[in-house]
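Protein chains: 2
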Amino acid sequence: MPMFIGTYEHSIDDKGRLAIPSKFRDELKDRFFATRGLDKCLFIFPNDEWERQLAEFSKLPLTMRDARAYSRLFFSGACECELDKQGRINIPAYLREYADLTKDAIVIGVMNRIEVWSREIWMGYSGDAEKSYEEVAEKLTHGDINI
Amino acid sequence: MPMFIGTYEHSIDDKGRLAIPSKFRDELKDRFFATRGLDKCLFIFPNDEWERQLAEFSKLPLTMRDARAYSRLFFSGACECELDKQGRINIPAYLREYADLTKDAIVIGVMNRIEVWSREIWMGYSGDAEKSYEEVAEKLTHGDINI
DNA sequence: CAATATTTCACCACTTTTCCCCACTCTGCC
DNA sequence: GGCAGAGTGGGGAAAAGTGGTGAAATATTG
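Keeping their order, the protein sequence lines are chains R and V.
Residue 6 is where the first sequence starts when you use this note's numbering, and the numbers rise one by one after that.
Residue 6 is where the second sequence starts when you use this note's numbering, and the numbers rise one by one after that.
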């Protein structure tokens, strides 16, 4: 079971390269994937998590309009990543655009996935989220989701 | 199991030639087919997927008006493709017309198939879809995506 | 039927991008 | 202070994408 935790501030160079925090590298070693995430960030999934996502998609019928659109965005926005000798990955242009990644990136571990944020967007998002941290926690436990 | 993912921006020349992204070529090596897709794009299926489509169609009753229309367009628009030495295919004129392909094309991987879009149409489509990406994600997976 | 015109296809060459390797800097630790 | 590990930047080789040219096949016309 992978466990990604922590926040790292890294930079993306002109070629779209991003260093993966060294603490995350071992868990990713075999195979991993990046794709459009929710809330304008990128998701990075280790192989087993990726396959869990695929399983969800295989249930969707080609004839449903929404399902088509969703899988088009999901898969067209995905890429398999490889670490270079320095522990970096190459983020394709379309993903950098989606997440507004130019120079300063925030890499965070969220349990079974990694997320990559543009610095500005993360500042806004985490600021808001922090304020309502307790509120959200309360909402979640009233539903069927148990923490 | 083929896995086509990613977005590529290629151009179609006057002769109707389109370069297939090199990452897709290996998966297509033996045999593959192109035809009219849904939403004004072209579908490209590797051989095994093509045969799965055939199987699906053979289940449809000949008496259903919509089924007749759909399979007519699907099969009359189909052609077997071959890669030239540079990794390009030749897209027949009627398919280019169907998908409005003139110069700039977007090639995307959608898991078990490849799609070819005119740049303009894709921009419109993906722009709309992106707006509802998160909504649809929630609807389709009803909460399987972690918060 | 032959000669010419036209289209199609395959090959070749060029340009651009990508990827990989190496070198440097900074930080923390011994 | 020096060493090791982590992150950053740049340069060169290889691959990927694009455009063009020539040969073969087909069609057309005298």
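Ideal Cβ placement from N, Cα and C applies to all residues, glycine included.
Remember, it's a predicted structure, so these values are computed and weren't measured experimentally.
Arg73(V) counts as exposed, since fewer than 16 other beta carbons sit within 10 angstroms of its beta carbon. Under the DSSP definition of a beta bridge, Ser123(R) partners with Ala110(R). Glu56(V) counts as exposed, since fewer than 16 other C-beta atoms from the protein chains shown sit within 10 angstroms of its C-beta. CA-to-CA, the gap between Cys46(R) and Phe62(V) works out to about 39 angstroms. Interface with chain V (9 angstroms Cβ-Cβ cutoff): Cys84(R) is included.
Between the alpha carbons of Asp89(R) and Pro26(R) lies a gap of roughly 13 angstroms.
Looking at the DSSP output, Asn95(R) sits in a beta bridge with Arg22(R). Residue-level contact check: Phe9(V) touches chain R, since one or more beta carbons of chain R fall below 9 angstroms from its beta carbon. By the neighbour-count definition (other C-beta atoms within 10 Å, threshold 16), Leu43(V) is an exposed residue. In this structure, Val115(R) sits away from Leu23(R), with a CB-CB distance that is not shorter than 9 angstroms. With respect to chain R, the C-beta atom of Glu125(V) has no partner C-beta closer than 9 angstroms. Interface flag for Pro97(R) against chain V is set, since a Cβ pair is found closer than 9 angstroms.
In terms of Cα proximity to Glu54(V), the closest of Tyr138(V), Glu143(V), Met8(V), Tyr130(V) is Met8(V). Interface flag for Met116(V) against chain R is set, since a Cβ pair is found closer than 9 angstroms. Restricting attention to beta strand (DSSP E) runs no shorter than 3 residues, the stretch 21–59 of chain V encloses them at 22–24, 37–41, 47–51, ordered along the chain. In the displayed model, Ser16(R) falls within a strand according to three-state DSSP.
In this structure, Ile94(R) sits away from Glu102(R), with a CB-CB distance that is not shorter than 9 angstroms.
Here Ile126(R) really is in contact with Asp105(R); their C-beta atoms are around 6 angstroms apart, less than 8 angstroms. Taking C-beta atoms under 8 angstroms as the contact rule, Phe79(V) and Arg36(V) fail to qualify, at a distance of about 18 angstroms. Interface residue (Cβ-Cβ distance to chain V less than 9 angstroms): Leu43(R) is classified as such.
Annotation: the continuous beta strand (DSSP E) that includes Glu85(R) extends over 84–86. The alpha carbon of Gly21(R) has as its nearest neighbour, out of Glu139(R), Lys108(R), Tyr138(R), the alpha carbon of Lys108(R). With at least 16 other beta carbons inside 10 angstroms of its own, Arg77(R) counts as buried. Nearest to Tyr75(R) by C-alpha distance, out of Glu14(V), Asp133(V), Met6(V), Ala110(V), is Asp133(V). Membership of Asp71(V) in the alpha helix (DSSP H) is indicated by the continuous run 70–81.
Ala83(R) sits buried, since 16 or more C-beta atoms from the chains shown fall within 10 Å of its C-beta.
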